[in-house]
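Line by line, the protein sequences are chains A and B.
End of the first sequence = 429 in the working numbering, gap-free, step of one.
End of the second sequence = 733 in the working numbering, gap-free, step of one.
The beta carbon of each residue, even a glycine, is placed where N, CA and C say it ideally should be.
Have a look at the structure below before the remarks.
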Amino acid sequence: MEAYNLELFAPKQINYEVKEKLKVIENTSEKTSKRMVFQFVVLAGVVLATVFMLIYNQVAITEAANKITGLNKELAALQSDQTRIEMQIENKMSIKKIEEYATEQLGLVKLENYQIKYVDITKEDKIEIASPKLDNDLQKGFLSVFQKFKEYIAGN
Amino acid sequence: MAKGPSKIMKTRMFIILVLITFVGFSFPIGNLVKIQMFESSFYRTQAADQQLLDIPVNAKRGTIFDRNLKALAQSASVWTVFISPKDVAEKDKQTLINGLSEILSMSPEDVLKSVNKDSYYEIIKRKVEKPQADQIRDFALKTGINAIYLAEDSKRYYPYGTFASTILGFTGIDNQGLDGIEAYYDSYLKGVPGRIVSAKNALGAYMPVRYEKQYEPKEGQGLVLTIDEVIQHFVEKHLEIAYVENKVKEKVTGIVMDVKTGEILGMSSKPDYDPNQPFVIYNEDAKERLAAVSAEQLREQTTIEQQKQWRNKAISDIYEPGSVFKVITSSMALDENKVEENFTYVCTGYTMVEGHKMRCHKSTGHGIQTFLDGFKNSCNPLFIEIGRRVGTESFFKYFKGFGFTKKTGIDLPGEELGVFYTDKQMGPVELASCSFGQSNKITPIQMITAISATVNGGNLMKPYVVKQILDENNNVIKTNYPVKVRQIVSEETSKTICYFMEETVKSGGGVNAHIMGYRIGGKSGTAEKLDGDENARIASFVAVAPMDDPQIAVLVLIDEPRGFSSYGGTIAAPVVAGIMSDVLPYIGVEPKYTAEELAKLDVKVPSVIDKTPHLAQTSLNQKGLKVRVVGSGNNVIKQVPEAGQSISRNGVVVLYTEEKSAEETVTVPSLIGLSVEQANQAATNAGLNVKLAGTTVGGQQVVQKQSHEPGQKVARGTVITITFINKNATD
Numbered sequence: 274m275e276a277y278n279l280e281l282f283a284p285k286q287i288n289y290e291v292k293e294k295l296k297v298i299e300n301t302s303e304k305t306s307k308r309m310v311f312q313f314v315v316l317a318g319v320v321l322a323t324v325f326m327l328i329y330n331q332v333a334i335t336e337a338a339n340k341i342t343g344l345n346k347e348l349a350a351l352q353s354d355q356t357r358i359e360m361q362i363e364n365k366m367s368i369k370k371i372e373e374y375a376t377e378q379l380g381l382v383k384l385e386n387y388q389i390k391y392v393d394i395t396k397e398d399k400i401e402i403a404s405p406k407l408d409n410d411l412q413k414g415f416l417s418v419f420q421k422f423k424e425y426i427a428g429n
Numbered sequence: 003m004a005k006g007p008s009k010i011m012k013t014r015m016f017i018i019l020v021l022i023t024f025v026g027f028s029f030p031i032g033n034l035v036k037i038q039m040f041e042s043s044f045y046r047t048q049a050a051d052q053q054l055l056d057i058p059v060n061a062k063r064g065t066i067f068d069r070n071l072k073a074l075a076q077s078a079s080v081w082t083v084f085i086s087p088k089d090v091a092e093k094d095k096q097t098l099i100n101g102l103s104e105i106l107s108m109s110p111e112d113v114l115k116s117v118n119k120d121s122y123y124e125i126i127k128r129k130v131e132k133p134q135a136d137q138i139r140d141f142a143l144k145t146g147i148n149a150i151y152l153a154e155d156s157k158r159y160y161p162y163g164t165f166a167s168t169i170l171g172f173t174g175i176d177n178q179g180l181d182g183i184e185a186y187y188d189s190y191l192k193g194v195p196g197r198i199v200s201a202k203n204a205l206g207a208y209m210p211v212r213y214e215k216q217y218e219p220k221e222g223q224g225l226v227l228t229i230d231e232v233i234q235h236f237v238e239k240h241l242e243i244a245y246v247e248n249k250v251k252e253k254v255t256g257i258v259m260d261v262k263t264g265e266i267l268g269m270s271s272k273p274d275y276d277p278n279q280p281f282v283i284y285n286e287d288a289k290e291r292l293a294a295v296s297a298e299q300l301r302e303q304t305t306i307e308q309q310k311q312w313r314n315k316a317i318s319d320i321y322e323p324g325s326v327f328k329v330i331t332s333s334m335a336l337d338e339n340k341v342e343e344n345f346t347y348v349c350t351g352y353t354m355v356e357g358h359k360m361r362c363h364k365s366t367g368h369g370i371q372t373f374l375d376g377f378k379n380s381c382n383p384l385f386i387e388i389g390r391r392v393g394t395e396s397f398f399k400y401f402k403g404f405g406f407t408k409k410t411g412i413d414l415p416g417e418e419l420g421v422f423y424t425d426k427q428m429g430p431v432e433l434a435s436c437s438f439g440q441s442n443k444i445t446p447i448q449m450i451t452a453i454s455a456t457v458n459g460g461n462l463m464k465p466y467v468v469k470q471i472l473d474e475n476n477n478v479i480k481t482n483y484p485v486k487v488r489q490i491v492s493e494e495t496s497k498t499i500c501y502f503m504e505e506t507v508k509s510g511g512g513v514n515a516h517i518m519g520y521r522i523g524g525k526s527g528t529a530e531k532l533d534g535d536e537n538a539r540i541a542s543f544v545a546v547a548p549m550d551d552p553q554i555a556v557l558v559l560i561d562e563p564r565g566f567s568s569y570g571g572t573i574a575a576p577v578v579a580g581i582m583s584d585v586l587p588y589i590g591v592e593p594k595y596t597a598e599e600l601a602k603l604d605v606k607v608p609s610v611i612d613k614t615p616h617l618a619q620t621s622l623n624q625k626g627l628k629v630r631v632v633g634s635g636n637n638v639i640k641q642v643p644e645a646g647q648s649i650s651r652n653g654v655v656v657l658y659t660e661e662k663s664a665e666e667t668v669t670v671p672s673l674i675g676l677s678v679e680q681a682n683q684a685a686t687n688a689g690l691n692v693k694l695a696g697t698t699v700g701g702q703q704v705v706q707k708q709s710h711e712p713g714q715k716v717a718r719g720t721v722i723t724i725t726f727i728n729k730n731a732t733d
């Protein structure tokens, strides 16, 4: 017989009982189908709305483009008409027609030489004597004095 | 027990299947490879042709401006009206015919012809403008007739009609340039057409919503000409008068050129045409010629007359220049120092050259002349001698140097080259006749270009008509600058020529080109048409001004005048004077009168109504006018001429002082052909005043025309304007 029962000192193995946890399954089949439908409807709505917006966008762009084209055509036509009318006006305002109207209807005549008064501005010869260089000498003298004064002040 | 096919059998069957499949599909696969890889471009083109509709969009043609940016030719959109006769319902036919014929001003029969055609496309009318196009649209909407269509097109407008027609030219039905600047610069003016590419259905109908792609057209470039609208008007006005007054059989041509740059400021020929309707014969004489031909010849003759009126005679017609060419001969002689300072020549009326008698226009001869005298008198024998001294070789060298052996290169279509003797072909007789301007034929543009070279310091300039090219926003993208071809004579020679020409106008054969206050130089010419009627002549005159610093040259040519004279100095010089008198003030050249000319200036009659006769007389005497008082009243109640009118100094103002004497009338006498003194005396005797017009220098002036018809009853003292020419200014 052994002194100690070593089995008593051996770590005890604790046997855990694994209890199977029971999953509680709720009865959600009805809720799920409703949500799915809702999601589907929303998704479909979004898709439809997007498609509709895209189509509407294209239609609006096309309509606007057509309108712009139409207005541009109208503008071009009106500009052409403006050119046509301007040409008709120019035809009536040609130099030839203006001269004919001025001479035949208004009785105007070309400028006559008597209508211009000629003034003789030529003058007789004259002699001008140059004045003495007084100013220059005065200026030089003043500068010279000023220069000397500066030198004096500077101590040179 | 039998088993299924063995592995070998299966393999063999598989191979055979593959081979059969390969062989069977090889042909279509090979075809596909051929079509896709090697012939793809061909089939792509075919598919495009079948599936796509390509509609061209016309580009707007560029505008042509004068040098001051006045539009001379411009395009605008118009429409072509067409119908689809097969789509016109029977019940709508009459409505359609009546509507279209009324709106488009066409005969119903013409519209009916189109409506009855068996087609989908019949043009009713082209170039329909917006008001009518709108009416057509409204008509189609109102009646519900869908078979009427409008297609956009373009129309060229020339707002001033015949103005500058021979320079501008005209465009065709497809807006292509056919003549003049329109043709020469067509590649710049026409632009690049755009396109609308769209799908079409099986019936060929346009499907604009799908697959449409637009390629915008690029507008044509504009042109700025060297032509000045105002100067062009002056040239045309005076040419029209000359054409009528001289009963011209062929044509009159005029050119105004800037002598320093070669720019053409004005160029015209009469008769001409309206480029808005280029195929319509404009000239009355041409219409008469057409009326006289048979129906079989009408078409051919019409084409001939059309070509004649379109032709720019200033560059396309060659002529013998006559004595105007003596300016060139003189330049040669002076530049080569062939004429000594004390040169004299005796003209007896003719000279002999190799047994040929060559006459002077003055059959009695000019007598002893210096070189200047000979130039002023335009003496043929003297110039034959000058030509002999120059010699054949030098003559041809200068002839070539002045540009007569080549086209000038002006930027207009249809320029012709003259016909001339080369140095190898020229013998003494040919040299003699060429020296005074016969035998060689040149164009007017060559003549004026050479004359300009003789007066501008000796520089031969290239003439041109287009100054700038503009983009569609009227920004300048290209400028044409003056081109100096060569220096042909020295400046010294040029100065001498200027002096000679000025003296010719002062007191030589060019006196009829004289204008008071202006220094003008000139030379006349009267050439025989050696290959035409022996009596036919071409009268011409060239002038340059102002002579202290020449700026412009004017050349006028009158081909076969049938009026009172055919001499250049007599009939062409006054035309040039008229052009110069308008152009010089316009370009800023002011008149500078000498003391002698100042004394000859007209006086404006002041008002002396309500003044006493004595006071009125004093007032009028102070102006240099004489007075005649009619009646014995205390105040002047009427005066003739009226206040504000101009009369010459020493003219007579008639003062009426009583009512009963205010209706005194006199009969206008005929003054035609009288000298200045005779005309003045005759007018004074008749109780009339005279105002002088035309040339007043040089002596030997005679009245060419008077403002009031002979026999007309007018108030005593009325001012009659009498125009003088110098009858000695022949050539």
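Just to check my reading of the structure: residue i and residue j have Cβ atoms closer than 8 Å, yes? What is that Cβ distance to the nearest angstrom?
i: F422 of chain B; j: T445 of chain B; result: Actually they do not touch by this definition, with Cβ atoms about 11 Å apart.
i: T168 of chain B; j: D274 of chain B; result: 5 Å
i: F502 of chain B; j: S437 of chain B; result: Their Cβ separation, rounded to whole angstroms, is 16 Å, which puts F502 of chain B and S437 of chain B out of contact at 8 Å.
i: I517 of chain B; j: V556 of chain B; result: The pair is not a contact, with the Cβ atoms about 12 Å apart (cut-off 8 Å).
i: G511 of chain B; j: K625 of chain B; result: With 8 Å as the limit, G511 of chain B and K625 of chain B do not qualify as a contact, their Cβ atoms being about 36 Å apart.
Going by CA-CA distance only, name the one from the options that's closest to residue i.
i: I125 of chain B; options: B:T145, B:K93, B:D274, B:S86; result: B:S86
i: T356 of chain A; options: B:Q641, B:N623, B:K62; result: B:K62
i: A684 of chain B; options: B:G696, B:Q702, B:A695, B:Q708; result: B:Q708
i: L106 of chain B; options: B:V90, B:V117, B:V130, B:K119; result: B:V130
i: I317 of chain B; options: B:K289, B:Y352, B:Y284, B:I266; result: B:I266
i: I243 of chain B; options: B:A579, B:N118, B:I66, B:Y187; result: B:A579
i: V246 of chain B; options: B:V90, B:G565, B:L676; result: B:G565
i: E231 of chain B; options: A:E363, A:L295, A:V297, A:V315; result: A:E363
i: L74 of chain B; options: B:L54, B:G224, B:Q427; result: B:G224
i: C362 of chain B; options: B:V631, B:A717, B:S380, B:I233; result: B:S380
Hey, residue i and residue j: beta-carbon distance below 8 Å or not?
i: Q76 of chain B; j: Y159 of chain B; result: yes
i: G405 of chain B; j: V487 of chain B; result: yes
i: I722 of chain B; j: L690 of chain B; result: yes
i: L433 of chain B; j: G367 of chain B; result: no
i: V80 of chain B; j: V117 of chain B; result: no
i: L414 of chain B; j: I183 of chain B; result: yes
i: G570 of chain B; j: G324 of chain B; result: yes
Residue i to residue j, Cα distance in whole Å?
i: P563 of chain B; j: S542 of chain B; result: 11 Å
i: V226 of chain B; j: L472 of chain B; result: 8 Å
i: T13 of chain B; j: V25 of chain B; result: 18 Å
i: N248 of chain B; j: S568 of chain B; result: 8 Å
i: I389 of chain A; j: E418 of chain B; result: 46 Å
i: F325 of chain A; j: A50 of chain B; result: 33 Å
i: V320 of chain A; j: E336 of chain A; result: 24 Å
i: S121 of chain B; j: Q299 of chain B; result: 34 Å
i: G101 of chain B; j: V478 of chain B; result: 47 Å
i: I441 of chain B; j: Y321 of chain B; result: It is worth fixing the name first, because residue 441 of chain B is Ser in this sequence and not Ile. Going by the C-alpha atoms only, they are around 9 Å apart.
i: V692 of chain B; j: S189 of chain B; result: 58 Å
i: V418 of chain A; j: A427 of chain A; result: 14 Å
i: S28 of chain B; j: I37 of chain B; result: 14 Å
i: T305 of chain B; j: Q279 of chain B; result: 14 Å
Interface positions of the segment 346 to 360 of chain A facing chain B (Cβ-Cβ less than 9 Å), listed along the chain
K346, A349, A350, L351, Q352, S353, D354, Q355, T356, R357, E359, M360
Check distances from the C-beta atoms of the segment 598 to 614 of chain B to those of chain A and list, in chain order, the residues that come in under 8 Å.
Listed in chain order, the positions of the segment 598 to 614 of chain B with a beta carbon within less than 8 Å of a beta carbon of chain A are L600, L603, D604, V605, K606.
Any C-beta of chain A within less than 7 Å: which residues of the segment 129 to 162 of chain B qualify?
E131, K132, Y159, P161, Y162
Which residues, in chain order, does the segment 230 to 257 of chain B contribute to contact with chain A at a C-beta distance below 8 Å?
In summary, the residues of the segment 230 to 257 of chain B whose CB is separated from some CB of chain A by less than 8 Å are E231, V232, H235, E238, K239, in the order they occur in the chain.
Counting only Cβ-Cβ distances shorter than 7 Å, please list the residues of the segment 418 to 451 of chain B near chain A, keeping chain order.
Of all residues in the segment 418 to 451 of chain B, none has a Cβ within less than 7 Å of some Cβ in chain A.
Contact residues within the segment 68 to 80 of chain B, judged by C-beta distance below 9 Å to chain A
K72, A73, Q76, S77, A78, S79, V80
Interface residues of the segment 313 to 342 of chain A facing chain B [CB-CB below 9 Å]:
If you check each beta-carbon in the segment 313 to 342 of chain A against every beta-carbon of chain B, the ones closer than 9 Å belong to T335, N339, T342.
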